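K.L.:
Protein chains in written order, with full-length UniProt numbering: chain H, 1 to 145; chain C, 1 to 145.
This is the structure I want to talk about, given as structure tokens.
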DNA sequence: TATTGTTATACTCTATAACTATA
DNA sequence: TATAGTTATAGAGTATAACAATA
């Protein structure tokens, strides 16, 4: 009568959660490895990658990274001292500083992105095209919830 | 004649990598959120979760977490000072200290694990049983590479 | 008054190197 | 001599609170 309601005890779901955990670990390791190849920390690599898509105010970086704005100051400081990022004034609001990647920073971001290919090539390389389509559709479905 | 060889430029693969990145972020956020509900950091939660499966020497915790053994001292110190973990002597080797969860620690680990249900319930909840089976099989295939 | 970025502070995680007690 | 755990140290990320410049 009372249908089992909690996914808590569903072995299949638990197995999938477990597997996703493994994927998360593997992805995370690859990301850190790619970053450290360029002597960057994970946080620095994330900020650089973000800015390579679009320059933005310090405050918005913090929103994207879900951390306090005060932290961004130090991270951008370190990227700037290495010539990968620069701070520009915002003509529209003199309080705002726009962080933007330098040419060197753009190149580093591109190489960093390519470094993730190790992830694409290995775990994903074993899947056929059809399987990758299935995986894509399932992940999209998941993330749209 | 020369078949396109690099997955680097394959849009489908890139899309899947992008989606996996989103899943990684979501999973990571849920994990941190569950940990901070118990006033634990991510590293503390990971160690506690590990020990809840099986008590082990300090050194092995470091291997599992892929960090230096010296770091584990502090993390276990903090867990121990909160009564979640204790250090026991190893009868077989007096150099070794076995870290083990207390009853309180076991309960916390269990609650932490249940906290991940938010992840299982929401993103995974939208998938049918058949879709979860497909996802499981694809992830297994990926991780076996 | 409110907002942007910064500084100051304290805590945690991290790697490295040196130390201790065992083996 | 080799190994397990620890300590000491320094760098980085994090949150909190207070500050200057600007809106």
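Each residue gets a CB set at the ideal place from its N, CA and C atoms; glycine is no exception.
Note that the coordinates shown come from a computational prediction; the quantities given were computed from them, not determined experimentally.
(1) Mind checking residue 39/C: buried by the 16 CB within 10 Å criterion, or exposed?
(2) Cβ of residue 22/H within 7 Å of Cβ of residue 123/C?
(3) Taking only the alpha-carbon atoms, compute the straight-line gap between residue 11/C and residue 131/C and give it to the nearest angstrom.
(4) What is the DSSP secondary structure of residue 84/H, counted as helix, strand or coil?
(5) Leaving out five residues on either side along the sequence, give the residues of the same chain with a beta carbon under 7 Å from the beta carbon of residue 118/C.
(6) Between the C-alpha atoms of residue 4/C and residue 14/C, what's the straight-line distance to the nearest angstrom?
(7) Is the Cβ of residue 132/H closer than 7 Å to any Cβ of chain C?
(8) Quickly, what does DSSP pair residue 45/H with across the bridge? List them, please.
(9) Can you name, in chain order, every residue of its own chain whose Cβ lies under 8 Å from the Cβ of residue 85/C, other than the five neighbours on each side?
(10) Taking only runs of the beta strand (DSSP E) that begin and end inside the UniProt domain "HTH marR-type" (13-144) of chain H, which ones reach a length of at least 3 residues, in chain order?
(11) Any residues in the segment 15-42 of chain H with a beta carbon nearer than 8 Å to a beta carbon of chain C? Which ones, in chain order?
(12) Quick one: Cα of residue 58/H to Cα of residue 53/C, how far?
(13) Between which residues of its own chain and residue 64/H is the CB-CB distance below 7 Å, once the five residues before and five after are set aside?
(14) Cβ closer than 7 Å: which chain C residues qualify as neighbours of residue 135/H?
(15) Residues of chain C with CB closer than 8 Å to the CB of residue 129/H, please, in chain order.
(16) Using only alpha-carbon positions, find the residue among 27/C, 56/C and 60/C that is nearest to residue 42/C.
(17) In chain order, what residues of the segment 96-128 of chain H put their CB closer than 9 Å to some CB of chain C?
(18) So what's residue 10/C in DSSP terms, helix, strand or just coil?
(19) Would residue 145/H pass as an interface residue toward chain C - the criterion being a Cβ-Cβ separation below 7 Å?
(20) Would you mind sorting residue 108/C into buried or exposed? The rule is 16 or more other CB atoms within 10 Å of its CB.
(21) If you count every other CB in all the chains shown that lies within 10 Å of the CB of residue 92/H, and 16 or more means buried, which is it?
(22) Using 7 Å as the limit for Cβ to Cβ distance, is residue 56/C near chain H?
P.N.:
So, to answer that:
(1) Here residue 39/C refers to the residue found at position 39 when the second chain is read from its first residue. So residue 39/C counts as exposed.
(2) The residue you call residue 22/H lines up with position 22 of the first chain. The residue you call residue 123/C lines up with position 123 of the second chain. No, these two residues do not count as a Cβ contact at 7 Å.
(3) In the second chain, residue 11/C corresponds to position 11, counting from 1. In the second chain, residue 131/C corresponds to position 131, counting from 1. Rounded to whole angstroms, residue 11/C and residue 131/C show a C-alpha spacing of 23 Å.
(4) Stepping through the first chain from its first residue, residue 84/H is reached at position 84. Residue 84/H: coil per DSSP, three-state reduction.
(5) For the purposes of this step, residue 118/C is taken as residue 118 along the second chain, with counting starting at 1. Cβ within range, chain order: 30.
(6) Locating residue 4/C in the second chain gives position 4, counting from the first residue. Locating residue 14/C in the second chain gives position 14, counting from the first residue. Confidence is the limiting factor: at residue 4/C the pLDDT is only 39, short of 50, which leaves the residue's position unreliable, though a coordinate-based value still follows. Here the C-alpha atom of residue 4/C lies approximately 15 Å from the C-alpha atom of residue 14/C.
(7) Taking the first residue of the first chain as position 1, residue 132/H is located at position 132. Flagged as an interface residue toward chain C: residue 132/H, by a C-beta distance shorter than 7 Å.
(8) Against the first chain, residue 45/H aligns to sequence position 45. Answer is none; residue 45/H lacks a bridge partner.
(9) By 1-based counting over the second chain, the position of residue 85/C is 85. Result list for residue 85/C: 47, 48, 51, 76, 79, 99, 100, 101, 102 and 105, in chain order.
(10) Listed in chain order, the complete beta strand (DSSP E) runs (minimum 3 residues) inside the UniProt domain "HTH marR-type" (13-144) of chain H are 85-89 and 97-101.
(11) For the segment 15-42 of chain H, the set of positions with a beta-carbon nearer than 8 Å to some beta-carbon of chain C reads 15, 16, 17, 19, 20, 21, 22, 23, 24, 26, 27, 28 and 29 in chain order.
(12) Reading the first chain from its first residue, position 58 is the one you call residue 58/H. Reading the second chain from its first residue, position 53 is the one you call residue 53/C. So the alpha carbons of these two residues sit roughly 42 Å apart.
(13) Position 64 of the first chain, counted from the first residue, corresponds to residue 64/H. Within the same chain, residue 64/H has close Cβ partners 50.
(14) As a first step, residue 135/H must be located in the first chain, where it is residue number 135. Going along chain C in sequence order, the residues near residue 135/H (Cβ under 7 Å) are 16 and 138.
(15) Here the question's residue 129/H lines up with position 129 in the first chain. Within 8 Å Cβ-Cβ: 12.
(16) Taking the second chain and counting its residues from 1, one reaches residue 42/C at position 42. It is 27/C whose Cα lies nearest to the Cα of residue 42/C.
(17) Taking 9 Å as the Cβ-Cβ cut-off against chain C, the residues of the segment 96-128 of chain H that qualify are 114, 116, 117, 119, 120, 121, 122, 123, 124, 125, 126 and 127.
(18) The residue given as residue 10/C occupies position 10 in the second chain. For residue 10/C, the secondary structure class from DSSP, reduced to helix, strand or coil, is coil.
(19) Counting from 1 along the first chain, the entry for residue 145/H is found at position 145. At a cut-off of 7 Å between beta-carbon atoms, residue 145/H makes contact with chain C.
(20) Taking the second chain and counting its residues from 1, one reaches residue 108/C at position 108. It counts as buried.
(21) As a first step, residue 92/H must be located in the first chain, where it is residue number 92. The Cβ neighbour count for residue 92/H, taken over all protein chains shown within 10 Å, is under 16; the residue is labelled exposed.
(22) Numbered from 1 along the second chain, position 56 holds the residue referred to as residue 56/C. Interface annotation, residue 56/C: not in contact with chain H, CB-CB separation never under 7 Å.
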